[in-house]
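I have placed the structure first, in the form of structure tokens, so that the comments after it can refer back to it.
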Ligand SMILES: [Zn+2]
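Numbering (the numbering used here), first residue to last: 2 to 361.
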């Protein structure tokens, strides 16, 4: 009985062996085709990743990382791997609020950097991601869909970035706009440029806001130098930061541009939204009241300003302060003095605090 079974097994094994030999004889390419298919697949994937945009590559790497259970390895928005030898102090992260872009500069990061050191993370607030290499220094430009504060941390060779909304960091958010800038000088009287007076007042205001440790107010400035962001960038900073207040600072001239006895402070608001509770009109009233009392200037009243782009398109309460008249000799002299600029800034600061107290 046992002998018979052994015999049957021997026959069975021989048949299987014969079929295998026959199969290999008739289809010798089976094995080679499988290898070739794998090679083609790898090549296709490499070609695809070579044509990917930075953002697509982020998603691609993140999806691959997910398969390897790396997705929960960090809670931040982005993880960037640094090339060997690059230390955290060598890396700069610059947050440009006005254009909502982050610039990350990484030394020794050549053109292949993004391929060699895949970045992973969540792309939900990223509109675009561009990588460029200049003189062996890699610059990663990330365009965001809103105003975020960047929180960076390092662990080993990884740089982690987290995007925080202004509201996650501050009780209230204010956007301050210094009028004009760069080639746009505004009014020019006796060699004095409006853009410079507007900026000088904003810088005094910034000094006061920076020194205020009592209130947790996040302040974003459309400019703190002689740059000239376009009107849309200015208003979008306020809209995208979901600011509680948007205050623009300018100075006035007579229509003809001639010197006259007319002087004083005026504030523009959006008359199309004047019925809004705690809206543009009441904010303008507060600004007018506080600035005229700080300066002792003449109250020239509220002025409808819906035809002004940044007023019309502001989605947050807006006021445009015309601090004084550059076409009045005495007021021009005042506006050009540091003391008066400081007083104007103090008035605007009081207006901000009062507006917040009133519930803006
Ligand atoms: Zn102006």
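Using N, Cα and C, we set each Cβ at its ideal position, and we do this for glycine too.
Per the DSSP calculation, residue i is bridged to which residue(s)?
i: residue 249; result: 178, 321
i: residue 98; result: The partner list for residue 98 (beta bridge, DSSP) is empty, contrary to what the question assumes.
i: residue 143; result: 103, 130
i: residue 163; result: 152
i: residue 108; result: 138
i: residue 79; result: 122, 162
i: residue 260; result: Paired residue(s): none; residue 260 is not in a bridge.
i: residue 300; result: 266
If we count the other Cβ atoms within 10 Å of its Cβ and call it buried at 16 or more, is residue i buried or exposed?
i: residue 85; result: exposed
i: residue 36; result: exposed
i: residue 182; result: buried
i: residue 216; result: exposed
i: residue 224; result: buried
i: residue 273; result: exposed
i: residue 170; result: exposed
i: residue 293; result: buried
i: residue 155; result: exposed
i: residue 281; result: buried
i: residue 344; result: buried
i: residue 195; result: buried
i: residue 162; result: buried
i: residue 228; result: exposed
Grouping DSSP H, G and I as helix and E and B as strand, with all else coil, what is residue i?
i: residue 338; result: coil
i: residue 305; result: strand
i: residue 90; result: helix
i: residue 232; result: helix
i: residue 40; result: helix
i: residue 355; result: helix
i: residue 280; result: coil
i: residue 52; result: coil
i: residue 312; result: helix
i: residue 266; result: strand
i: residue 173; result: strand
i: residue 198; result: helix
i: residue 219; result: strand
i: residue 65; result: helix
i: residue 209; result: helix
i: residue 190; result: strand
i: residue 329; result: coil
i: residue 185; result: strand
i: residue 275; result: coil
i: residue 60; result: helix
i: residue 348; result: helix
Please find out if some non-hydrogen atom of ligand 1 comes closer than 7 Å to the beta-carbon of residue i.
i: residue 180; result: yes
i: residue 251; result: yes
i: residue 187; result: yes
i: residue 308; result: no
i: residue 195; result: yes
Is there a Cβ of chain C sitting closer than 8 Å to that of residue i, yes or no?
i: residue 334; result: Of the protein chains in the structure, only one exists, and it is not chain C.
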